[in-house]
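To start, the structure itself, in structure tokens.
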Amino acid sequence: MDDTRFASALDTDTEAALRPARRVEVLTEMAGRRRIWTLEEKLALVAEMERCGNIAALSRERGVSTSLLYTWRRELRYAAEASQLPPRQEPMFVPVVAKASPSVPGDGMVEVEIGGTLVRIGPSVRIDLAAAILQVLRAAP
Numbered sequence: 000m001d002d003t004r005f006a007s008a009l010d011t012d013t014e015a016a017l018r019p020a021r022r023v024e025v026l027t028e029m030a031g032r033r034r035i036w037t038l039e040e041k042l043a044l045v046a047e048m049e050r051c052g053n054i055a056a057l058s059r060e061r062g063v064s065t066s067l068l069y070t071w072r073r074e075l076r077y078a079a080e081a082s083q084l085p086p087r088q089e090p091m092f093v094p095v096v097a098k099a100s101p102s103v104p105g106d107g108m109v110e111v112e113i114g115g116t117l118v119r120i121g122p123s124v125r126i127d128l129a130a131a132i133l134q135v136l137r138a139a140p
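For the sequence shown, position 63 matches number 62 in numbering that gives the first Met the number 0, and the numbering has no gaps at all.
This is how it looks when you write it as structure tokens:
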């Protein structure tokens, strides 16, 4: 197998001598492993994390990622803050405040033209009154 093909393009761009790629070490201890932690284990690790000076070393010793320890600590803080809130018996609703929209000319307005006469009937007019007006206009010569 030709080792020169593993040389990086960066080496060529920097005009450094081409060298074969070095041996790659694969860390298998924590990689690809998905574990299920109990609540007691999480609480114990977070408590130990608070007493520890080097959290990265602790995470390596216990086989858990550092970011997961910080996530558990943050979730514990949120849970502690939420437990201090007073319980609510009734649901809380947000009041809705709406402005009345200005009436637009013709908004809900009906215009009827009969025999050259234009009648505008608004939305608040009683139906029987509007019908009577239209009958009079229809009967007019």
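Built from N, CA and C at the ideal position, the CB exists for glycine as well.
Query, Result
"Taking the alpha-carbon positions, what's the I35 to S82 distance?", "25 Å"
"Sort R125, G115 and D127 by Cα distance to A139 and report the nearest one.", "G115"
"Which two residues bound the contiguous beta strand (DSSP E) that contains V111?", "V109 to I113"
"Just the Cα atoms here: how many angstroms apart are A79 and S123?", "58 Å"
"Does DSSP classify T37 as helix, strand or coil?", "coil"
"Under the rule that 16 or more other beta-carbon atoms within 10 Å means buried, what is S58, buried or exposed?", "buried"
"Under the three-state reduction of DSSP, which class applies to V118: helix, strand or coil?", "strand"
"Going by beta-carbon coordinates alone, are V63 and L84 separated by less than 8 Å?", "no"
"How about E112 and R119: do their beta carbons lie closer than 8 Å?", "no"
"Alpha carbon to alpha carbon, what distance is there between M91 and I132?", "51 Å"
"Using the three-state DSSP reduction, which class does Q134 fall into: helix, strand or coil?", "helix"
"For A129, I'd like the list of residues in its chain whose CB is within less than 7 Å of its CB, leaving aside the five on either flank, ordered along the chain.", "I120"
"Reducing DSSP to helix, strand and coil, say where S66 ends up.", "helix"
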